[in-house]
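Undergrad: Note that the sequence shown covers residues -21 to -1, 1 to 222 in mature numbering (1 follows the signal peptide of the UniProt record, and there is no 0).
Here you go, one structure.
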Amino acid sequence: MKRKVLAMLVPALLVAGAANAAEIYNKDGNKVDFYGKMVGERIWSNTDDNNSENEDTSYARFGVKGETQITSELTGFGQFEYNLDASKPEGSNQEKTRLTFAGLKYNELGSFDYGRNYGVAYDAAAYTDMLVEWGGDSWASADNFMNGRTNGVATYRNSDFFGLVDGLNFAVQYQGKNSNRGVTKQNGDGYALSVDYNIEGFGFVGAYSKSDRTNEQAGDGYGDNAEVWSLAAKYDANNSMQQ
């Protein structure tokens, strides 16, 4: 639901937890990390209709990351992340899988993975997704083509441009059609790419994605394709001093 919020929007967040990680296994080139957080959160807000909201949005989130050294140059990796909604009654089935993917990385040649992962268009949106609540909410959302977490994406990423240029990274992604769901969560075949460059605390990123819309989606009169262009920039003073 879209909301036009007045100047006084009070994110009174009672956060009782921060993300924590623990290494649970590391031996013979095999490594497994467990991470998670529990958040007690309540939000009070006031909309343009002078309707106040008082809402419990507590949740718990946990995940597992793993990697295995196949050869001296080839590494296998994977990640699983799950979210539990603590604001709903028992039996309401509000749990959701946020991430599930696996892939291979070969030194400077880059990595390739497949599964439920972040769309490459999110590389730019991630620059503003830093707040406890309501961060990166302009156009990035889950299961909205390749703008956030989404299903069926094959992703290639390369860091430092094959080891030749420090801080220059790029990614290419393909998403297969997902039509067996509600129309707002559907997508046709699509592709995306992003390029980012980081130097002395400054970061710049550009991302582009284009997806076919399904027949059901095209029926709303908004065209046959969904397309995103996005640019973002940031400055990290701490990172600059470390360099």
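In this text, a Cβ means the ideal position worked out from N, Cα and C, and glycines have one as well.
Is it right to say Asn159 is buried, meaning 16 or more other beta carbons lie within 10 angstroms of its own, or is it exposed?
TA: exposed
Undergrad: Three or more beta-carbon pairs under 8 Å between the stretch 46 to 53 and the stretch 17 to 24, yes or no?
TA: no
Undergrad: Would you kindly report the start and end of the unbroken alpha helix (DSSP H) that includes Asn194?
TA: 194 to 197
Undergrad: To the nearest angstrom, how far is it from the Cα of Val184 to the Cα of Asp199?
TA: A direct Cα-to-Cα measurement between Val184 and Asp199 gives close to 32 Å.
Undergrad: Among Glu69, Glu87, Asp92, whose alpha-carbon lies nearest the alpha-carbon of Asp145?
TA: Measuring C-alpha to C-alpha distances from Asp145 to each of Glu69, Glu87, Asp92 identifies Glu87 as the nearest.
Undergrad: Restricting to runs no shorter than 3 residues, where is the beta strand (DSSP E) found entirely within the stretch 37 to 110?
TA: 38 to 48, 53 to 64, 75 to 85, 89 to 97
Undergrad: Shortest alpha-carbon distance to Arg95 belongs to which of Thr129, Arg21, Ala104, Phe181?
TA: The residue with the shortest Cα to Cα distance from Arg95 is Thr129.
Undergrad: Report, in whole angstroms, the separation of the C-beta atoms of Gly155 and Asp168, which I expect to be a contact under 8 Å.
TA: 6 Å
Undergrad: Closest to Ser120 by CA distance: which of Trp23, Ala103, Gln58 is it?
TA: Ala103
Undergrad: Could you give the DSSP three-state label for Gly169: helix, strand or coil?
TA: Three-state DSSP puts Gly169 in a strand.
Undergrad: Would you report the Cα separation of Gly82 and Glu46, rounded to the nearest angstrom?
TA: 9 Å
Undergrad: Any idea which residues DSSP pairs residue 223 with across the strands?
TA: Missing from the structure shown is residue 223; the chain here goes from -21 to 222 and no further.
Undergrad: Does the Cβ of residue 224 have 16 or more other Cβ atoms within 10 Å, making it buried, or fewer, making it exposed?
TA: This structure cannot settle anything about residue 224, because the visible part of the chain is limited to -21 through 222.
Undergrad: Closest to Lys164 by CA distance: which of Ser190, Ile49, Gly180 is it?
TA: Ser190
Undergrad: Identify whether Ala(-6) lies in helix, strand or coil by the three-state DSSP scheme.
TA: Because the pLDDT at Ala(-6) is just 44, under 50, the model does not fix this residue reliably, and the value given afterwards should be weighed accordingly. In this structure, Ala(-6) counts as coil in the three-state DSSP scheme.
Undergrad: How long is the line joining the alpha carbons of Gly98 and Lys6, rounded to whole angstroms?
TA: 32 Å
Undergrad: From the DSSP output, read off the bridge partner residues of Tyr14.
TA: Ala(-1), Gly42
Undergrad: Assign Asn177 to one of three DSSP states: helix, strand, or coil.
TA: strand
Undergrad: Is Tyr101 closer than 8 Å to Ala133 when the C-beta atoms are compared?
TA: Their beta carbons are not under 8 Å apart, which means Ala133 does not touch Tyr101 by this criterion.
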